[in-house]
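Trainee: Protein sequences, first through last, are from chains A and B.
Counted from 1, the first sequence has number 467 at position 158 by the numbering used here; the numbering is strictly sequential.
Counted from 1, the second sequence has number 351 at position 22 by the numbering used here; the numbering is strictly sequential.
Virtual Cβ for every residue (Gly too), placed ideally from N, Cα, C.
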Amino acid sequence: MPLGETPSLVRPAPAGRTNDADGTPRRARRPLGDRLAPFVLLLPAILIILVFRLWPLALGVNFSFTGDGDRDGTSVGFDNYVELFDDPVFRIALRNVGWLVLLLPVAVAIPGLLATFIFLRVPGHRFYRSVYFFPAVLSPVIVGSIFNLLLAFDGPLNRVLGAVGIAPVDWLGDSKVAIFTVVGVHVWATFGMALVVFLAGFATLDPALLDAARSDGASLPQVIRHVIVPGLSRTIQFVFVTTMIGMLTSMFGLIFVMTSGGPGGSTYLPEYYIWIQQGQLNRPALASAASTVLFLLMLVVGLAQVALLRRSGRED
Amino acid sequence: MRGARIGRWVVAGLMTALALATIYPLLFTANAAMKTRHEYILDRFSPATSVRWENLATAWTSAGMARYLANSFIVVTGAVLLLLLFGSMAGFALSHVRFRGSRALFLGCLAALFVPFQVIMVPLVRTMADVGLVDTYPGLILAYVAQFLPFTIFLMTTYYSGVPADLVDAARIDGNSLYGVYRRIMLPIGAPALLSVGVLDALFCWNDVLIALLMMPSAEHRTLMVGVTVLRGQYSADIPTFASGVLIAAVPVLAVYLFFQRRIADAVTAGSTKG
Chain A
310 MPLGETPSLV
320 RPAPAGRTND
330 ADGTPRRARR
340 PLGDRLAPFV
350 LLLPAILIIL
360 VFRLWPLALG
370 VNFSFTGDGD
380 RDGTSVGFDN
390 YVELFDDPVF
400 RIALRNVGWL
410 VLLLPVAVAI
420 PGLLATFIFL
430 RVPGHRFYRS
440 VYFFPAVLSP
450 VIVGSIFNLL
460 LAFDGPLNRV
470 LGAVGIAPVD
480 WLGDSKVAIF
490 TVVGVHVWAT
500 FGMALVVFLA
510 GFATLDPALL
520 DAARSDGASL
530 PQVIRHVIVP
540 GLSRTIQFVF
550 VTTMIGMLTS
560 MFGLIFVMTS
570 GGPGGSTYLP
580 EYYIWIQQGQ
590 LNRPALASAA
600 STVLFLLMLV
610 VGLAQVALLR
620 RSGRED
Chain B
330 MRGARIGRWV
340 VAGLMTALAL
350 ATIYPLLFTA
360 NAAMKTRHEY
370 ILDRFSPATS
380 VRWENLATAW
390 TSAGMARYLA
400 NSFIVVTGAV
410 LLLLLFGSMA
420 GFALSHVRFR
430 GSRALFLGCL
440 AALFVPFQVI
450 MVPLVRTMAD
460 VGLVDTYPGL
470 ILAYVAQFLP
480 FTIFLMTTYY
490 SGVPADLVDA
500 ARIDGNSLYG
510 VYRRIMLPIG
520 APALLSVGVL
530 DALFCWNDVL
540 IALLMMPSAE
550 HRTLMVGVTV
560 LRGQYSADIP
570 TFASGVLIAA
580 VPVLAVYLFF
590 QRRIADAVTA
600 GSTKG
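Below, the structure is given as structure tokens:
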């Protein structure tokens with residue numbers, strides 16, 4: 310498929326200039342309509358992105374320094390941020406983000422390892438690829454609904470565990486377990502996405518290197534460490550960043566369906582907190598402060614990961 | 330050597346187990362949808378004895394899934410058509426037309442890609458409410474277009490960058506305006522990319538619940554995914570009917586997946602090899 314094979318990002322293209330037989334600058338003779346054409350082509354995109362993506366970002370940051378309710382529209386300085394970090398629920402949300410960061414390597418290693426096996430032509434590799442990818446196209450609402458049935462306290466999973474003598478676990482009702490259950494379901498639903506990205510990365514790997522390593526008698530861990538990881542450093546970096554962004558911004562559906570933030574607020578993430586404050590508790594300014602914190606958090610996590618991976622890439 | 334071969338089969342066995350774990354939850358749900366309430370309570374695992382159309386019919390009519398499905402269909406169709414139109418126009422301009430600020434515009438578009446919806450949702454919904462677009466089809470369509478346009482432009486620009494400039498030049502010599510080049514050359518040439526990106530955009534919009542919850546508060550405007558969350562509350566004691574609703578909501582996506590598996594995977598990976 311050509312989509313994956315195009316060589317470069319955007320290059321300045323000489324359209325509209327090359328048909329100058331005499332070499333004089335074409336620009337001067339181009340009719341006004343033609344000069345405006347690129348902007349007409351871009352106008353809907355520019356307007357929509359500016360008005361509905363970038364402007365709200367500025368508006369939201371600004372909004373987070375104003376008050377809610379009685380103080381609507383008046384400047385309150387950092388009051389919202391002070392309240393935010395005093396709120397135990399928001400602190401839980403931040404602590405859960407910490408868990409996500411810690412679990413991130415696992416969420417990247419699983420699809421990475423599976424892609425390695427598929428790449429090394431484990432028996433049945435074609436079949437695995439399409440089966441693993443399939444939950445990635447399901448909505449978090451559908452995934453969450455299905456796992457609500459499976460993980461109910463008297464549900465099938467606990468029955469199976471009971472059959473092999475393990476005590477039932479209250480997957481969604483125990484405040485120490487629930488966040489890990491939700492993250493686990495998220496990983497179940499999305500590892501296929503990262504797997505496909507890894508496989509695309511493998512396609513760019515020089516097979517001669519692998520063959521050489523194998524004929525030298527390198528073991529699988531050695532091949533992974535010395536051939537695959539350095540060869541795929543950009544892919545790994547990409548998967549790290551996209552998986553983290555996915556964990557921070559696409560678990561709303563799962564939380565909404567599976568736990569509604571409970572039990573005891575233990576499965577809150579910043580995105581769910583923002584939604585509750587904005588939609589349910591009518592605290593849009595406080596929600597905006599949480600949005601700004603989430604944005605900064607993503608910026609920091611993203612940049613830190615890129616920096617970290619760059620450094621480890623150089624050491625190899 | 331022998332050990333390596335055994336290792337391969339052990340890995341294959343583990344991967345098959347994982348494949349089963351990937352499929353089983355959906356099979357369990359489909360099976361539960363084919364049972365009566367009584368059968369489900371007695372035994373969750375045994376295969377259903379017959380196809381219970383009545384469960385599906387209940388979910389379809391009394392739970393209002395038909396209405397939700399129609400809403401989703403309207404909104405997703407509208408959003409995807411606009412995304413492909415605006416995305417291909419911008420992608421063409423950014424990849425093949427030289428003008429001042431082209432690079433800056435592309436970077437601005439990339440920056441927008443990294444502004445998640447959760448970060449802008451409060452002011453966005455407020456703005457939408459100010460102009461009377463909340464709880465309307467155009468409002469939700471516009472919200473989806475805004476959400477997925479940067480991604481669509483990024484992929485279309487990448488794709489069009491691989492189209493030789495000579496092709497555009499030749500069409501210009503033949504007397505085409507830029508609009509003519511877009512319509513006669515770029516749209517047909519972009520068809521494979523438009524299909525891939527369109528399928529992926531459609532999945533994103535179809536699967537969304539957060540934007541739909543915020544933009545469509547009234548019951549008659551619920552999209553299918555919001556409908557499923559409501560169904561869960563309505564039929565918490567009647568798992569087979571609830572499972573039927575989940576099944577109805579999953580089937581269109583499964584069909585799209587079976588038809589377009591390759592295209593979805595291609596669109597997902599298109600962004601990754603560049604970064």
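Within 10 angstroms of the Cβ of Phe325 of chain B, are there 16 or more other Cβ atoms? Answer buried if so, exposed if not.
Mentor: Residue 325 of chain B lies beyond the stretch modelled for chain B, which goes from 330 to 604, so this question has no answer here.
Trainee: What residues of chain B sit near Asp377 of chain A, judged by a beta carbon separation below 7 Å?
Mentor: Think of a sphere of 7 Å around the beta carbon of Asp377 of chain A: no beta carbon from chain B falls inside it, the nearest being about 11 Å out.
Trainee: By alpha-carbon positions, which one of A:Trp497, A:His495 and A:Asp463 ends up nearest to Gly482 of chain A?
Mentor: A:Asp463
Trainee: Does any heavy atom of the ligand GDP sit closer than 8 Å to the C-beta of Val486 of chain A?
Mentor: The model depicted lacks the ligand GDP and carries no ligand whatsoever.
Trainee: Using a Cβ-Cβ distance under 9 Å, would Ala575 of chain B count as near chain A?
Mentor: Looking at the sequence shown, residue 575 of chain B is not Ala but Val. True, the Cβ-Cβ gap to chain A drops below 9 Å.
Trainee: Which whole-angstrom value is the C-beta distance of Ser573 of chain B and Ala388 of chain B, which I expect to be below 8 Å?
Mentor: Indeed, because the Cβ distance is near 4 Å, the residues count as touching under 8 Å.
Trainee: Tell me the rounded alpha-carbon separation between Asp626 of chain A and Pro530 of chain A.
Mentor: Look at the range of chain A in this structure, 310 to 625, and you will see that residue 626 of chain A is not part of it.
Trainee: Less than 6 Å between C-beta atoms, sequence neighbours within five positions excluded: which residues of the same chain meet that for Tyr473 of chain B?
Mentor: Ala408 and Cys534
Trainee: Under the assumption that Ile577 of chain B contacts Leu411 of chain B (Cβ atoms under 8 Å), give the Cβ distance between them as a whole number of angstroms.
Mentor: Between Leu411 of chain B and Ile577 of chain B the Cβ distance is about 27 Å, and since that is not below 8 Å, they are no contact.
Trainee: Determine which residues share a DSSP beta bridge with Gly376 of chain A and list them.
Mentor: A:Asp381
Trainee: I need the DSSP call for Val426 of chain B, collapsed to helix, strand or coil.
Mentor: strand
Trainee: Looking only at its chain, what residues have a beta carbon closer than 8 Å to the beta carbon of Arg400 of chain A, apart from the 5 residues adjacent to it on each side?
Mentor: Phe394
Trainee: Would a C-beta distance cut-off of 9 Å place Trp364 of chain A and Leu539 of chain B closer than the cut-off?
Mentor: The answer is no: Cβ separation not under 9 Å.
Trainee: Near Arg592 of chain A, which residues of its chain fall below 6 Å by C-beta distance, leaving aside the five closest residues on each side in sequence?
Mentor: Cβ neighbours of Arg592 of chain A within its own chain (closer than 6 Å, five residues either side excluded): Asp377 and Gln586.
Trainee: Check whether the region 337 to 352 of chain A touches the region 560 to 572 of chain A, counting contact only when three or more Cβ pairs, one atom from each stretch, lie closer than 8 Å.
Mentor: no
Trainee: Run down chain B in chain order and give the residues with a C-beta less than 8 Å from the C-beta of Tyr441 of chain A.
Mentor: Leu347, Ala348 and Thr351
Trainee: Just checking my contact of Glu580 of chain A with Phe561 of chain A at CB under 8 Å: how many whole Å lie between their CB atoms?
Mentor: 5 Å
Trainee: Any contact between the region 450 to 465 of chain A and the region 354 to 367 of chain B? By contact I mean 3 or more CB pairs, one from each, below 8 Å.
Mentor: Touching, per the Cβ criterion.
Trainee: Does DSSP put Gly313 of chain A in a helix, in a strand, or in coil?
Mentor: Reliability fails at Gly313 of chain A, whose pLDDT of 40 lies under 50, so the model's placement of it is uncertain and the value that follows must be treated cautiously. Three-state result, Gly313 of chain A: helix.
Trainee: Give the single residue among B:Ser379, B:Ala392, B:Ala594 and B:Leu469 whose Cα lies nearest to the Cα of Ser525 of chain B.
Mentor: B:Ala594
Trainee: Around the C-beta of Trp480 of chain A, are 16 or more other C-beta atoms found within 10 angstroms, so that it is buried, or is it exposed?
Mentor: buried
Trainee: Entirely within the region 361 to 440 of chain A and at least 4 residues each: give me those alpha helix (DSSP H) ranges in chain order.
Mentor: The qualifying runs are 364 to 372, 388 to 395 and 397 to 428.
Trainee: When you compare only the Cα positions, how much space is there between Thr456 of chain B and Ser484 of chain A?
Mentor: 37 Å
Trainee: Measure the alpha-carbon distance for Arg335 of chain A versus Arg427 of chain B and round it to whole angstroms.
Mentor: Residue placement at Arg335 of chain A cannot be trusted, given a pLDDT of 48 that sits under 50; what the coordinates show is reported in the next sentence. As the crow flies, the alpha-carbon of Arg335 of chain A is around 12 Å from that of Arg427 of chain B.
Trainee: Compute the Euclidean distance between the alpha carbons of Leu595 of chain A and Leu413 of chain A, then round it to the nearest angstrom.
Mentor: 28 Å
Trainee: Which full runs of the alpha helix (DSSP H) of 4+ residues lie inside the region 502 to 530 of chain A, going along the chain?
Mentor: Note on the region 502 to 530 of chain A: whole alpha helix (DSSP H) runs with a minimum of 4 residues are 516 to 524, in chain order.
Trainee: Where in the region 417 to 471 of chain B do unbroken runs of the alpha helix (DSSP H), each at least 4 residues long, occur, reported from the N-terminal end onward?
Mentor: Listed in chain order, the complete alpha helix (DSSP H) runs (minimum 4 residues) inside the region 417 to 471 of chain B are 431 to 442 and 446 to 459.
Trainee: Just the C-alpha distance for Thr390 of chain B and Ser373 of chain A, rounded to the nearest angstrom, thanks.
Mentor: Their backbone Cα atoms lie some 44 Å apart in a straight line.
Trainee: Secondary structure at Ile482 of chain B, three-state DSSP: helix, strand or coil?
Mentor: Reduced to three states, the DSSP call for Ile482 of chain B is helix.
Trainee: Looking at C-alpha atoms only, which residue of B:Arg373, B:Ala362, B:Ser417 and B:Ser401 is the closest neighbour of Pro521 of chain B?
Mentor: B:Ser417
Trainee: Return the CA-CA distance between Ala487 of chain A and Trp497 of chain A, expressed in angstroms with no decimal places.
Mentor: 15 Å
Trainee: Give me the subset of the region 358 to 390 of chain B whose CB atoms are less than 8 Å from a CB atom of chain A, sorted by chain position.
Mentor: Thr358, Ala361, Arg373 and Phe374
Trainee: Could you tell me how far apart the beta carbons of Leu519 of chain A and Val494 of chain A are, in whole angstroms, since I believe they sit closer than 8 Å?
Mentor: Wrong, their Cβ atoms sit about 34 Å apart, outside the cutoff.
Trainee: Which bits of chain A does Met545 of chain B rub up against, with CB to CB less than 7 Å?
Mentor: Per Cβ cutoff of 7 Å: no residues; Met545 of chain B is ~12 Å from chain A at best.
Trainee: Exposed or buried, which one is Leu587 of chain B when buried takes at least 16 other CB atoms within 10 Å?
Mentor: It counts as exposed.
Trainee: Nearest CA to the CA of Phe500 of chain A: which residue from A:Pro444, A:Leu578, A:Leu608 and A:Leu352?
Mentor: A:Pro444
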